Amino acid sequence: MNRSPLWFYKLARLVVITWCKIWFRVSYEGADRLPADGSYVIAPIHRSNVDTFVVGCVTRRRVRFMAKDSLWKVKPLGAFISTVGGFPVRRGSADVEAIKTALSLLAAGEPVVLFPEGARQSGPIVQPLFDGAVYVAAKAGVPIVPVGVGGSERCMPKGSKFIYPYKVHVIVGDPIAPPAIVGRRVDRAELAKVTDELSASLQALFDAAQIRAGVR
């Protein structure tokens, strides 16, 4: 697990947030809802590759995030992603190692970004959520923070090789308490209940963020 110097992360964040403000005119709302300290799971909507960049800058704290393992096939790119907080996950399967990494980072007090829709989706409707983000939050005993990102899909839709300079707006929702642990297991009924709560919150935040970004 890469633990790059904090100064390098701060420098990279400064470069990214400056670019996002210039290119996307990115704006943030509700960042004060993020817990002031301790770890938590950030659970954003996912419509574009630019989501990781704009969501990663929602706080000045270092955040960690899962990224598809194929990105590490290009060694310089993989090294850079690791340096700025990324760690690989195998798509289409329950990647136990990625889950262990997320849990160890949360245990160390760092926020972790997990996209509950999994891969990038399309359109205005939140797709059925995987329960991984809520499960990890439950095992770590940390809150889940839903985040709506408006306008990012038109900036870089699936298949696009160009990043268009459209407005992006990010809204942070109220933290959601994790499901209960019964013994050493996550209560399945509570897991489903909290996942449904997260889905409803994401839809409301996504709708509002789209309006703020001028999408509809």
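Heads up: the sequence shown at position 148 corresponds to 153 in this note's numbering, and the numbers run straight through without jumps. Think of the CB as a built atom: it goes at the ideal place given N, C-alpha and C, for glycine as much as any other residue. Computed from a prediction, not measured in an experiment: that's the story for all the values here.
Cα separation between residue i and residue j?
i	j	result
Gly128	Arg159	10 Å
Asp179	Ser157	21 Å
Glu122	Glu34	22 Å
Thr3	Val220	This structure leaves residue 3 out entirely; the chain is present only between 6 and 221.
Gly146	Pro183	7 Å
Arg30	Ala218	9 Å
Ser9	Val94	19 Å
Leu16	Tyr140	32 Å
Pro162	Asp56	11 Å
Lys166	Cys25	17 Å
Ala185	Glu195	7 Å
Val68	Glu202	24 Å
State buried or exposed for residue i, treating a residue as buried only when at least 16 other CB atoms are found within 10 Å of its CB.
i	result
Val46	buried
Leu210	buried
Lys198	exposed
Gly155	buried
When DSSP labels each residue in this structure, what does residue i get in the three-state scheme?
i	result
Ser204	helix
Tyr171	coil
Glu102	helix
Ile130	coil
Arg65	coil
Phe58	helix
Val20	helix
Pro116	coil
Pro40	coil
Val94	strand
Val199	helix
Ala218	coil
Less than 8 Å between the CB of residue i and some heavy atom of the ligand MG, yes or no?
i	result
Val31	Looking at this structure, you won't find the ligand MG or any other ligand, since it has none at all.
Can you tell me which residues form a DSSP beta bridge with residue i?
i	result
Ser32	His174
Val79	Per DSSP, none; premise fails for Val79.
Lys73	Val94
Inside the region 133–166 only - beta strand (DSSP E) runs reaching at least 3 residues: Under the rule that a run must span 3 or more residues, the beta strand (DSSP E) segments found entirely inside the region 133–166 read 149–155.
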